[in-house]
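Step one of this worksheet: look at the structure below.
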Amino acid sequence: MPTQEPRTRFTAVAQLLHWIIAALIVTQFALAWTGRDLPLGTHKLALLAWHKSFGMTVLMLAIIRAVWRWANPPPELPAGMTPLERTLARATHVAFYALLFVMPITGWLMSSAKNYSVSWFGLFTWPDLIAQNKTAFEALKTTHDYLSGVLLGIAVLHILAALKHHFWNKDDVLLRMLPFTKSKRGL
Amino acid sequence: MRRAAISLAMLCMASAAATVGRAASPVTSYTADPSASRLDFIGIQAGAEFKGTFRKFTAAIDFAPDALASSHFDVQIDLNSLDTMDDDRDTTMRGPDIFDIAHFPASHYVTRSFTKTPTGYSAAGTLSLHGVTKDVPIDFVFVSTPGGAKLEGTAKLNRLEFGVGQGDWKSTESVKDVVKVAFSLILKPRSLSE
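Structure representation (structure tokens):
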């Protein structure tokens, strides 16, 4: 691949993937929190069916996104960031990518362990990853729940950091991920 | 007195003939070995199949490939023994809105007639479930084995025809109407004393 001028914005594809996945994750929390305490019934099953379909969508998009990022490296971080800030930013993003895979996969494992196979919007059924197993289900559920808390935590950190870059540092870190804007601000 | 003796003799002969007739019938009488046999059902929940099994059932199988007219199946299923590998779902299914086992603890299947098919056999019969009795055909293969026989087959039924699914569960949005049944019975000859 010929070397191009360093990118100053995320590509349109990267932006699209970022915002679709962000919207799906917000939806996932809403569905999980609504469905969690319902008794087993058609309403709960419907909410969980959406949760699983969206979760598997996140997993597929995460694969595309990781491949796209590998082929299209993101723009450099602003020059003024301290080593600590850089480390924190990197760690947050690594954790995000890890969770984009781990959350759907632990969910998929949970469904397999509990004998509720995962359908994708009723179009097809994903194969069960493990055999039915109550102990495994409980361990996976605990993991899935705990990691959802971690995801929520780093999402808050991520949003606060983006706002800090925009309003405090006045750099283009937020703008370069926003569609329909131009990153006029210098690095 | 004499007439009475003749009547008695005839009655004895008739009953003896009936006994002999049964014993001489070309069908073999089997029972399903409970530990080796399976009776599963497959529902479709939220677009994905889920399998459950009945842990307790009895099957009296009188069958011979060359005596379909005198063949007969009688299967009793203890609905309380259902197991879908999830306690919440099992409890819900035993409850009043689905099987309602407090009122309908068992299901019963009896055959009426058999026909040969290209791949095996088909039986016409009735299933009693949830207080409703309806025709449900089954397709199966029958293989003689050294210790008895193996009977494997499937059936399909619409749960709502039996009223299995009340309230919200009448909706087929989350649980489809069609339910598949699959069985694999390991048959042992019934001893003559039975």
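First to last, the sequence lines map onto chains A and B.
Going by my numbering, the letters in the first sequence line up with residues 4 to 190, in that order.
Going by my numbering, the letters in the second sequence line up with residues 4 to 197, in that order.
We treat Cβ as the ideally placed atom computed from N, Cα and C, and that holds for glycine.
Tell me which residue opens and which closes the beta strand (DSSP E) that residue i is part of.
i: B:LYS153; result: 151–161
i: B:ASP142; result: 141–148
i: B:ILE104; result: Here B:ILE104 belongs to no beta strand (DSSP E), and DSSP marks it neither H nor E.
i: B:PRO192; result: 181–192
i: B:TYR124; result: 124–132
i: B:GLY55; result: 51–57
i: B:ASP77; result: 75–81
i: B:THR136; result: 135–138
Just reading off the alpha helix (DSSP H) that residue i is part of, what are its end residues?
i: A:GLN18; result: 15–39
i: A:THR45; result: 45–74
i: B:SER40; result: No alpha helix (DSSP H) holds B:SER40; DSSP gives it neither H nor E.
i: A:THR145; result: 137–166
i: A:PHE104; result: 86–116
i: B:THR61; result: Unbroken run through B:THR61 is the beta strand (DSSP E), 60–66; no alpha helix (DSSP H).
i: B:THR94; result: 90–97
Look at residue i and residue j and say whether their C-beta atoms are less than 9 Å apart.
i: A:LYS55; j: A:SER122; result: yes
i: A:ARG93; j: A:HIS21; result: no
i: B:VAL182; j: B:PHE44; result: yes
i: A:PRO130; j: A:SER114; result: no
i: B:PHE53; j: B:LEU42; result: no
i: A:ASN75; j: B:THR87; result: no
i: B:PHE143; j: B:THR157; result: yes
i: B:ILE80; j: B:THR34; result: no
i: B:THR277; j: B:PHE165; result: Absent from the structure is residue 277 of chain B, since the part of chain B shown begins at 4 and ends at 197.
i: B:VAL184; j: B:ILE101; result: no
i: A:LEU80; j: A:ILE24; result: no
i: B:LEU160; j: B:LEU130; result: yes
i: A:LEU163; j: A:LEU112; result: no
i: B:ARG97; j: A:LEU43; result: no
i: B:LEU132; j: B:ASP36; result: no
i: B:PHE186; j: B:LEU163; result: no
i: A:ASN172; j: A:GLY110; result: no
i: B:GLN48; j: B:ASP103; result: no
i: B:LEU84; j: B:LYS59; result: Position check: residue 84 of chain B holds Ser in this sequence, whereas Leu was assumed. Contact: yes.
i: A:ALA52; j: A:GLY125; result: yes
i: A:ALA26; j: A:PRO182; result: no
i: A:THR184; j: B:GLY50; result: no
i: A:LEU154; j: A:PHE99; result: yes
i: A:GLN31; j: A:GLY58; result: yes
i: A:MET180; j: A:ALA158; result: no
i: B:TYR112; j: B:GLY128; result: yes
i: A:ILE108; j: A:LEU87; result: no
i: A:TRP33; j: B:GLU176; result: A small correction: the amino acid at residue 33 of chain A is Ala; Trp does not occupy that position in the sequence shown. Against a cut-off of 9 Å, the Cβ pair of B:GLU176 and A:ALA33 comes out as no contact.
Round the Cβ separation of residue i and residue j to the nearest angstrom and send it over; I've been treating them as touching at under 8 Å.
i: A:VAL70; j: A:ILE28; result: With a Cβ gap of about 20 Å, A:VAL70 and A:ILE28 do not count as contacting.
i: A:ALA116; j: A:PHE140; result: 4 Å
i: A:PHE170; j: A:PRO78; result: Rounded, the Cβ-Cβ distance is 20 Å, inconsistent with contact.
i: A:LEU160; j: A:THR95; result: 6 Å
i: B:VAL78; j: B:ALA62; result: 5 Å
i: B:SER174; j: A:THR45; result: 6 Å
i: B:GLY3; j: B:PRO99; result: The first residue shown for chain B is 4 and the last is 197, placing residue 3 of chain B beyond what the model contains.
For the ligand SAH, is there any heavy atom lying closer than 8 Å to the beta carbon of residue i?
i: A:THR37; result: Only the bare structure without any ligand can be found here, which leaves the ligand SAH out of the picture.
Using a Cβ-Cβ distance cut-off of 9 Å, determine whether residue i contacts chain D.
i: A:ASP131; result: Considering every chain present, this structure includes no chain D. Its protein chains are A and B.
Item to check | Contact set between the segment 125–143 of chain A and chain B, restricted to residues whose Cβ is under 7 Å from the partner | outcome: So the list reads GLY125, THR128 and GLN135, given in the order they occur along the chain.
Next on the checklist: With a threshold of 8 Å, are at least 3 pairs of Cβ atoms found where one atom belongs to the segment 102–110 of chain B and the other to the segment 138–145 of chain B?
Outcome noted: At 8 Å Cβ cutoff, the stretches do not touch.
Checklist entry - Residues in the segment 49–67 of chain B with C-beta within 9 Å of chain A's C-beta atoms, listed in sequence order? => result From the segment 49–67 of chain B, only ALA49, GLY50, ALA51, GLU52, PHE53, LYS54 and GLY55 have a Cβ closer than 9 Å to chain A.
Checklist entry - Given 8 Å as the limit, is there contact between the segment 114–122 of chain B and the segment 71–86 of chain B, that is, 3 or more CB pairs closer than that? => result Note that the segment 114–122 of chain B touches the segment 71–86 of chain B; at least 3 beta-carbon pairs, one per stretch, sit closer than 8 Å.
Checklist entry - In the segment 28–59 of chain A, which residues sit with their C-beta less than 8 Å from some C-beta in chain B, listed in chain order? => result Listed by position, the residues of the segment 28–59 of chain A near chain B (Cβ gap below 8 Å) are LEU43, GLY44, THR45, HIS46, LEU48, ALA49, LEU51, ALA52 and LYS55.
Checklist entry - Listed from N- to C-terminal order along the chain, which residues in the segment 93–123 of chain A have their beta-carbon within a distance smaller than 7 Å of any beta-carbon of chain B? => result LYS117, ASN118, TYR119, SER120, VAL121 and SER122: these are the residues of the segment 93–123 of chain A whose beta carbon lies less than 7 Å from some beta carbon of chain B, given in chain order.
Next on the checklist: Three Cβ pairs or more, each shorter than 8 Å: is that satisfied between the segment 145–156 of chain A and the segment 168–188 of chain A?
Outcome noted: Between the segment 145–156 of chain A and the segment 168–188 of chain A there are fewer than three C-beta pairs closer than 8 Å, too few to call the two in contact.
Next on the checklist: For the segment 69–91 of chain B, list every residue whose C-beta sits within 7 Å of some C-beta in chain A, in sequence order.
Outcome noted: For chain A, the residues of the segment 69–91 of chain B that bring a beta carbon within less than 7 Å of one of its beta carbons are THR87, MET88, ASP89 and ASP91, in chain order.
Next on the checklist: For the segment 156–178 of chain B, list every residue whose C-beta sits within 9 Å of some C-beta in chain A, in sequence order.
Outcome noted: Those residues of the segment 156–178 of chain B that come within reach of chain A (Cβ to Cβ, closer than 9 Å) are GLY170, ASP171, TRP172, SER174, GLU176, SER177 and VAL178.
Checklist entry - Between the segment 87–121 of chain B and chain A, which residues of the former have CB atoms less than 7 Å from a CB of the latter, in chain order? => result Of all residues in the segment 87–121 of chain B, only THR87, MET88, ASP89, ASP91, ARG92 and THR95 place a beta-carbon less than 7 Å from a beta-carbon of chain A.
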